[in-house]
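These notes concern the structure reproduced below.
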Amino acid sequence: MAERRSSPDGSLAPARGPSPVPGLAAVLFDLDGTLIDSEPQWRALYRGLADHLGVTLAPGWWSQLVGRSLGESVEVLAGRGPLPREERDELVRWLVDRGVERLRSGRLDDPEQPPVTWRPGARRLLEELHAAGVPTAVVTATPRRLLDAVADHLGLTSTTSVAGDEVTRPKPDPEGYLAAASSLGVDIADCVAVEDSPTGVAAAEASGARVLAVPHAVALGEERERTVTTSLAEVGVEDLEALPGRD
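For the sequence shown, the numbering used here begins at 544 and goes up steadily by one.
Printed below as a string of structure tokens:
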């Protein structure tokens, strides 16, 4: 196992410069459901939005939102089809404002629990990648302001990231993954992308990266062969290096 690397303040210390690991130029991670377990917090936020809109949540509502951008999610939740852009953006701001406030204050339904937690093995894997000199990035549907609040809470502030409001086409479009690879100065074909949702996996596969799927809230379809693991606790740098590409 590689030596773990953290900054004096406990934040993660990403690798700088080209990766020394052959065939593994960078590892690109989704955030929610992949690196962090934020489902309870998002459920609470969306329930609050439903109350704000006077909407009754239908059975199975959560599975309809997993992997979607916030703009798409508020439209699904409102249940009125496509919304005028101004109204949609206002509802997204409503969610983000409350999400940031909860993170900054640490106030949750259960005050004994932290706002967000790492998924099993996620921080350890990031530390091993950084110690091995492999660059990493976060590619998420979460808007920049909320992403920065999460990153500050978890010590990810110096990690390269692409937020949901920094792309014109959200997942399942590969734009975010391609932007992350470009920002790191690497070829996407030499990268591994790690995702948990069907929408995210589709984006990662479309980008041309090798993909490791870690299903969490929603099961993946079986329409194509892919590499799947039940937990990042089972994954090391050598596993990512050996991950097969797509034919």
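The C-beta atom is built at its ideal place from N, Cα and C for all residues, glycine as well.
DSSP places residue 753 in the uninterrupted beta strand (DSSP E) bounded by 753 to 756. 680 is the residue among 696, 629, 753, 680 whose C-alpha sits nearest the C-alpha of residue 719.
Annotated three-state conformation of residue 785 is coil, per DSSP.
For residue 736, the enclosing beta strand (DSSP E) starts and ends at 734 to 738.
In the same chain as residue 580, and ignoring 5 residues on each side of it, the C-beta atoms closer than 6 Å to its own belong to 660, 662, in chain order. For residue 665, the enclosing alpha helix (DSSP H) starts and ends at 665 to 675.
Taking 4 residues as the minimum length, the alpha helix (DSSP H) runs contained wholly in the region 558 to 609 are 582 to 596, 604 to 608, in order along the chain. Under the three-state reduction of DSSP, residue 694 is assigned to helix.
Per DSSP, residue 723 is one residue of the alpha helix (DSSP H) stretching across 718 to 727. Its chain contains 754 as the residues whose beta carbon lies nearer than 6 Å to that of residue 748, once the 5 sequence neighbours on both sides are disregarded; these appear in chain order.
DSSP places residue 703 in the strand class (E or B) of the three-state scheme.
The bridge partners DSSP lists for residue 661 are 579.
DSSP places residue 682 in the uninterrupted beta strand (DSSP E) bounded by 679 to 682. For residue 749, the enclosing alpha helix (DSSP H) covers residues 741 to 750.
With a cutoff of 8 Å on beta-carbon distance, residue 612 and residue 707 are scored as near each other.
In the DSSP assignment, residue 615 falls within the unbroken alpha helix (DSSP H) covering 613 to 621. The beta-carbon distance between residue 585 and residue 575, rounded to whole angstroms, is 7 Å. This is short enough to meet the 8 Å contact definition. The secondary-structure analysis by DSSP pairs residue 710 with nothing; it has no beta-bridge partner.
Scanning its chain for C-beta atoms nearer than 7 Å, with the 5 sequence neighbours on each side dropped, one finds around residue 562 the residues 568, 569, 676, 677, 678, in chain order.
Residue 664 places its beta carbon less than 8 Å from that of residue 776.
In this structure, residue 756 and residue 738 form a Cβ contact; the two beta carbons are roughly 6 Å apart against a cut-off of 8 Å.
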